[in-house]
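**Q** Residue numbers (the numbering used here), protein chains in the order written: chain A, 8 to 317; chain B, 8 to 317; chain C, 8 to 317. Quick reminder that beta carbons are idealized off the backbone N, C-alpha and C, glycines included.
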Amino acid sequence: MKHLLSIADLSRDEIGEIMDTAISMHDVQRRQVKKLPTLRGRTIINFFFEDSTRTRSSFEIAGKWMSADTINLTGKGTSVSKGESLRDTVKTVDAMGVDMMIVRHMASGAPAQIAQWTNCSIVNAGDGMHEHPSQALLDAYTLRSKLGDLDGKHIAIVGDLTHSRVLRSNLLCLRALGANVTLVAPPTLMPSGIGSWAATDSFEVSYDLDAVLPHVDAVMMLRVQRERMSGGYFPTAREYAVRYGLTARRLALMPRHAVITHPGPMNRGLEISADAADDAQSLVLDQVSAGVAVRMSILFHLLSGEGSSA
Amino acid sequence: MKHLLSIADLSRDEIGEIMDTAISMHDVQRRQVKKLPTLRGRTIINFFFEDSTRTRSSFEIAGKWMSADTINLTGKGTSVSKGESLRDTVKTVDAMGVDMMIVRHMASGAPAQIAQWTNCSIVNAGDGMHEHPSQALLDAYTLRSKLGDLDGKHIAIVGDLTHSRVLRSNLLCLRALGANVTLVAPPTLMPSGIGSWAATDSFEVSYDLDAVLPHVDAVMMLRVQRERMSGGYFPTAREYAVRYGLTARRLALMPRHAVITHPGPMNRGLEISADAADDAQSLVLDQVSAGVAVRMSILFHLLSGEGSSA
Amino acid sequence: MKHLLSIADLSRDEIGEIMDTAISMHDVQRRQVKKLPTLRGRTIINFFFEDSTRTRSSFEIAGKWMSADTINLTGKGTSVSKGESLRDTVKTVDAMGVDMMIVRHMASGAPAQIAQWTNCSIVNAGDGMHEHPSQALLDAYTLRSKLGDLDGKHIAIVGDLTHSRVLRSNLLCLRALGANVTLVAPPTLMPSGIGSWAATDSFEVSYDLDAVLPHVDAVMMLRVQRERMSGGYFPTAREYAVRYGLTARRLALMPRHAVITHPGPMNRGLEISADAADDAQSLVLDQVSAGVAVRMSILFHLLSGEGSSA
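#1: Does the beta carbon of residue 296(B) come closer than 8 Å to any beta carbon on chain C?
#2: Between the beta-carbon of residue 51(B) and the beta-carbon of residue 82(B), is there less than 8 Å?
#3: Chain B partners of residue 8(C), CB-CB under 9 Å?
#4: May I ask you to report which of helix, strand or coil DSSP gives residue 152(B)?
#5: Quick one: grab the DSSP three-state call for residue 40(A).
#6: Please classify residue 113(A): is it buried, with 16 or more other beta-carbons within 10 angstroms of its beta-carbon, or exposed?
#7: Can you give the Cα-Cα distance for residue 194(B) and residue 254(B), rounded to whole angstroms?
#8: According to DSSP, is residue 133(B) helix, strand or coil?
#9: Can the beta-carbon of residue 302(A) be found less than 8 Å from the beta-carbon of residue 74(A)?
#10: In the DSSP assignment, what residue or residues form a beta bridge with residue 80(A)?
#11: Check the DSSP bridge columns for residue 227(A) and list the partner residues they point to.
#12: Any Cβ of chain B within less than 8 Å of the Cβ of residue 288(A)?
#13: Show which residues of chain C have a CB atom less than 7 Å away from the CB atom of residue 145(A).
#14: Along the chain, where does the alpha helix (DSSP H) containing residue 310(B) start, and where does it finish?
#15: Within the 8 Å Cβ cut-off, does residue 314(B) reach chain C?
#16: Just to confirm before moving on: does the CB-CB distance between residue 134(B) and residue 117(B) stay below 8 Å?
#17: Please report the Cβ distance between residue 293(C) and residue 149(C), rounded to the nearest whole angstrom; I am assuming they are in contact, meaning their Cβ atoms lie under 8 Å.
#18: Measure from the C-beta of residue 190(A) to each C-beta in chain B and report whether the shortest distance is under 8 Å.
#19: So, with DSSP's three-state summary, where would you put residue 47(B)?
#20: What residue range does the alpha helix (DSSP H) around residue 190(A) cover?
#21: Looking at the strands, I want to know which residues DSSP matches up with residue 279(C).
#22: How would you list, in chain order, the residues of chain C whose beta-carbon sits under 7 Å from the beta-carbon of residue 67(B)?
#23: On the CB-based measure, 16 or more other CB atoms within 10 Å of its CB, does residue 269(C) come out buried or exposed?
#24: Could you run through the region 95-111 of chain A and flag, in chain order, every residue whose CB is less than 9 Å away from some CB of chain C?
#25: Determine the direct distance from the alpha carbon of residue 124(B) to that of residue 271(A), and round the result to whole angstroms.
#26: Could you tell me whether the region 153-166 of chain B touches the region 43-50 of chain B, using the rule of 3 or more Cβ pairs below 8 Å?
#27: With a Cβ-Cβ cutoff of 8 Å, do residue 137(B) and residue 172(B) count as a contact?
#28: Using a Cβ-Cβ cut-off of less than 9 Å, list which residues of the region 48-67 of chain C approach chain B; keep chain order.
#29: DSSP beta-bridge partners for residue 111(C)?
#30: Between which two residues does the beta strand (DSSP E) containing residue 213(B) stretch?
#31: For a cutoff of 8 Å on Cβ pairs, would you count residue 70(A) as touching chain C?
#32: Taking the alpha helix (DSSP H) that residue 120(C) belongs to, which residues open and close that run?
#33: Identify the continuous alpha helix (DSSP H) that holds residue 217(C) and give its terminal residues.
#34: Taking all protein chains shown into account, do 16 or more other C-beta atoms lie within 10 angstroms of the C-beta of residue 203(C), making it buried, or fewer, making it exposed?
#35: Beta-carbon separation of residue 165(B) and residue 225(B) under 8 Å?
#36: Out of 13(A), 63(A), 26(A), 16(A), point me to the one whose CA is closest to residue 307(A)'s CA.
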């Protein structure tokens, strides 16, 4: 494993290994002195062409706790804004002798393209509407730690599925782990051609959240991008909340043991009510905590293996 | 001591302890190799919702010299700009496992509110027009190192008092240390209700800087926010400088031993003339130097005590 | 050596020493664990008043690999934007106890002025149209490692010479090392008064790139600033490329052993074609790689000598 570009590149065993290592990393995170010498003298660039608090900070903390040197670069203020090609920019950063670039980019496929241009390890930290693999791994880790083995568990993924990189990575990851997935969205936010997906990938599709909730072990609420509001995807925010929001009423439809996740940032009152966000079964903050541990595990597997580049 | 939110939370002894520890930290600062292992493996977030050079850098240097991992977050480019609530944002950062957030926020009371939402230590690095406690502690440290014990010393605080968080923290700190404080400002920039303050807190109020200066041990000039210019608080910058600026003529009114402070950034020619700013009795750069030492002391007291959170 | 402000301040021997130390640093850069303890406990401020990816990152990586504490400050969001004078801003940062400021500033001479205001070491990382000495040192290092001793070598510097700080530093550096330099540019982009320069500094001037190329050991292509386009310096981008761009046709005019450099970011298709940029004789990425090693050497010579300030 040199890169983490897509969940599709990982076998079920590799996903399991990343989650298993994350358990030890989570122990480090609970210590007063959070520091491992593992990546001392290794250099990690956080290369974020889109804004991000949680993903960037989470990777930066993971790197620092493992003693790596971490450097932040953004699209703004870089040579990209002076008309340099992306290829020249990344080859330049690569030539400095860095070991890893953690890349967020608005274009689907940019991290995979960058991996072909450079010698260092590339982690996809979110590319357009394509994938966000570290999010899927931390979600699976969080769910497994509460529900046990995900094989055969019923998980609903609900919300703006058309535009979601989190959906794609989670669907691949949960399916690889044997979970039964049901996608729930308004017809306007269900990916087109989903009929043919369903045939090959064996997941269910529903437009009726109330009907799905009584049978879930977990419900994964996805963020509605505010900019969708004016896109004609649904009439009003209130209408969306009524039809697809996880409200207090819907909470009561779920089995007692079922848990709630959300990748954040949450639109309270839109896709998730305050009751649901703050419910005892909500794992929202567990996900954030697991995020650092899982990312430490990712850095470990990509950079400290025998086959890693120098 | 888990948080530093307001000087009002500190006893005279606690203020003294922070200043005493800062003396040792100041020695470290004068070494060629400025590094203590004290906070290795602890993580400090500089969470600045308002711009700042000196306060943010000063805390960042203090943290790095004590071997902490330091991470900068700003309001821009965070999830706050995506509509996430402040509560969700800080709970997210907290869940990553950080030990301290150093918070600057435009809203008075924001750091105290954040302290109730999180498990980590919170330092108020300036909140609205409320407080800026580390500034008051470094000011007191700087004054004490030049004037000795501040008990019974006469200190004038001059300038835009209505809008100043530096005033509030300094007034509390100097009073706790037994100094006699006189507030000097144009009537439009004197906090309303100051009459009742004076009755209970035993400080003096004056509108005549010339009358006050001959009796001071120290004069603390506060910055006039440029945006006040258009607010009708005083006729013109020149008028303000003539009436309340520390000019060469006024320097001569002060006792020889009396010293000058300013928290910076200075408006030279407005509240302080170049003669005064660069006078041998000006402690402006001593304040900056002390700032790092006092902040190292604050980090030490909040994070390395027995009762600190992990 | 306390500061690096201009190549003019360095003797030929000092330039040689910096390049020689860079060879060892380059070895460190090729290791898996890139870390020297040399500058532990020393604090370096990257003070960039203009945007930069490669220079800032390169210095930041160099500092981190030598175990220094590195802190980034920009012009935006600093007290300069609140009306503070540059002098007060830099004296403030200096008073915190930093060891070095690496300064990029839009005003020619700003770093030299700052050196007079502070106690710490100042590195000029590009000032207006004046100098960019670390770029010239890394260019010389890169050329020497391919061509051997530069004494007597023929080097053409081509492009927007009027506005180029890279030109000035390179001309001084290459002349100090004994190279024969030919400047090539359209008349509108040739520095005025170049006639008198030529008399004293013994370099050649040409307006005909085709005539120069057959005799070079190296051709140094400089970036055309996009903002020149509308300045009337040349009719169109296409016209510039045809007359002064390093095209596939011109590549064939160069001797086989001759090499190509460009400080980046490149305008592919303008001053340099894709063929030339990606040619086997192009040293563009070697320059970037050498940049970190040469900057480590600069930090070493300025900060770890006996005479360095604490």
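**A** Reading off the structure:
#1: Within the second sequence, numbered from 1, the residue matching residue 296(B) stands at position 289. So yes, residue 296(B) belongs to the interface.
#2: Along the second sequence, one-based indexing puts residue 51(B) at 44. Along the second sequence, one-based indexing puts residue 82(B) at 75. No. Outside cutoff.
#3: Start at 1 with the first residue of the third sequence, and residue 8(C) comes out as number 1. Simply none; closest approach about 17 Å.
#4: On the second sequence, residue 152(B) is found 145 positions in, with the first residue counted as 1. Residue state, collapsed to three classes: helix.
#5: Start at 1 with the first residue of the first sequence, and residue 40(A) comes out as number 33. In the three-state DSSP reduction, residue 40(A) falls in the coil class, being neither helix nor strand.
#6: One-based indexing of the first sequence puts residue 113(A) at position 106. Around the C-beta of residue 113(A), fewer than 16 other C-beta atoms lie within 10 Å, and the residue is accordingly described as exposed.
#7: In the second sequence, the residue the question calls residue 194(B) occupies position 187. In the second sequence, the residue the question calls residue 254(B) occupies position 247. Cα-Cα distance, rounded: 20 Å.
#8: The residue labelled residue 133(B) in the question sits at position 126 within the second sequence. Correct three-state label for residue 133(B): strand.
#9: Translated into positions along the first sequence, residue 302(A) becomes position 295. Translated into positions along the first sequence, residue 74(A) becomes position 67. Between residue 302(A) and residue 74(A), the gap from beta carbon to beta carbon reaches 8 Å or more.
#10: Against the first sequence, residue 80(A) aligns to sequence position 73. Within the DSSP bridge table, the entry for residue 80(A) names 54(A) as partners.
#11: Stepping through the first sequence from its first residue, residue 227(A) is reached at position 220. Under the DSSP definition of a beta bridge, residue 227(A) partners with 164(A), 268(A).
#12: Sequence index remark: in the first sequence, residue 288(A) carries index 281 (1-based). Not one chain B Cβ lies under 8 Å of residue 288(A).
#13: The count along the first sequence starts at 1 and reaches residue 145(A) at position 138. Using a Cβ-Cβ cut-off of 7 Å, residue 145(A) is close to nothing in chain C; its nearest Cβ partner there is about 27 Å away.
#14: Translated into the one-based positions of the second sequence, residue 310(B) becomes position 303. Residues 291-310.
#15: On the second sequence, position 307 is the one that residue 314(B) refers to. Low confidence applies here, because residue 314(B) scores a pLDDT of 43, under 50, leaving its location unreliable and the question unanswered by this model.
#16: Counting from 1 along the second sequence, the entry for residue 134(B) is found at position 127. Counting from 1 along the second sequence, the entry for residue 117(B) is found at position 110. Taking 8 Å as the Cβ cut-off, residue 134(B) and residue 117(B) qualify as a contacting pair.
#17: Numbered from its first residue, the third sequence carries residue 293(C) at position 286. Numbered from its first residue, the third sequence carries residue 149(C) at position 142. In this structure, residue 293(C) and residue 149(C) form a Cβ contact; the two beta carbons are roughly 5 Å apart against a cut-off of 8 Å.
#18: In the first sequence, the residue the question calls residue 190(A) occupies position 183. Cβ-Cβ to chain B under 8 Å: no for residue 190(A).
#19: Along the second sequence, one-based indexing puts residue 47(B) at 40. Of the three classes helix, strand and coil, the one that applies to residue 47(B) here is coil, per DSSP.
#20: Reading the first sequence from its first residue, position 183 is the one you call residue 190(A). Residue 190(A) -> not in any alpha helix (DSSP H); beta strand (DSSP E) instead, spanning 187-191.
#21: Along the third sequence, read from residue 1 onward, the residue named residue 279(C) stands at position 272. In the DSSP assignment, residue 279(C) is bridged to 253(C), 275(C).
#22: Within the second sequence, the letter at position 60 stands for residue 67(B). Within 7 Å Cβ-Cβ: 78.
#23: As a working note, residue 269(C) is residue 262 in the third sequence. Around the CB of residue 269(C), 16 or more other CB atoms lie within 10 Å, so the residue is classed as buried.
#24: Within the region 95-111 of chain A, the qualifying residues are 95, 96, 98, 99, 100, 101, 102, 103, 104, 105, 106.
#25: By one-based count along the first sequence, residue 271(A) stands at place 264. By one-based count along the second sequence, residue 124(B) stands at place 117. Straight-line Cα distance between these residues: approximately 17 Å.
#26: At 8 Å Cβ cutoff, the stretches do not touch.
#27: What you label residue 137(B) is simply residue 130 of the second sequence in a count that begins at 1. What you label residue 172(B) is simply residue 165 of the second sequence in a count that begins at 1. Yes, these two residues count as a Cβ contact at 8 Å.
#28: Hits within the stretch, in order: 48, 49, 50, 52.
#29: Numbered from 1 along the third sequence, position 104 holds the residue referred to as residue 111(C). 55(C), per the DSSP bridge assignment.
#30: Along the second sequence, one-based indexing puts residue 213(B) at 206. Counting along the chain, the unbroken beta strand (DSSP E) around residue 213(B) starts and ends at 211-213.
#31: Here residue 70(A) is taken as the residue at index 63 of the first sequence, counted from 1. Not one chain C Cβ lies under 8 Å of residue 70(A).
#32: Here residue 120(C) refers to the residue found at position 113 when the third sequence is read from its first residue. For residue 120(C), the enclosing alpha helix (DSSP H) starts and ends at 117-124.
#33: Position 210 of the third sequence, counted from the first residue, corresponds to residue 217(C). For residue 217(C), the enclosing alpha helix (DSSP H) covers residues 216-219.
#34: For the purposes of this step, residue 203(C) is taken as residue 196 along the third sequence, with counting starting at 1. Under this definition residue 203(C) is an exposed residue.
#35: Residue numbering aside, residue 165(B) sits at position 158 when the second sequence is read from its first letter. Residue numbering aside, residue 225(B) sits at position 218 when the second sequence is read from its first letter. Pairing residue 165(B) with residue 225(B) gives a Cβ-Cβ distance that is not under 8 Å.
#36: The sequence position of residue 307(A) within the first sequence is 300, counting from 1. The shortest C-alpha separation from residue 307(A) is found at 26(A).
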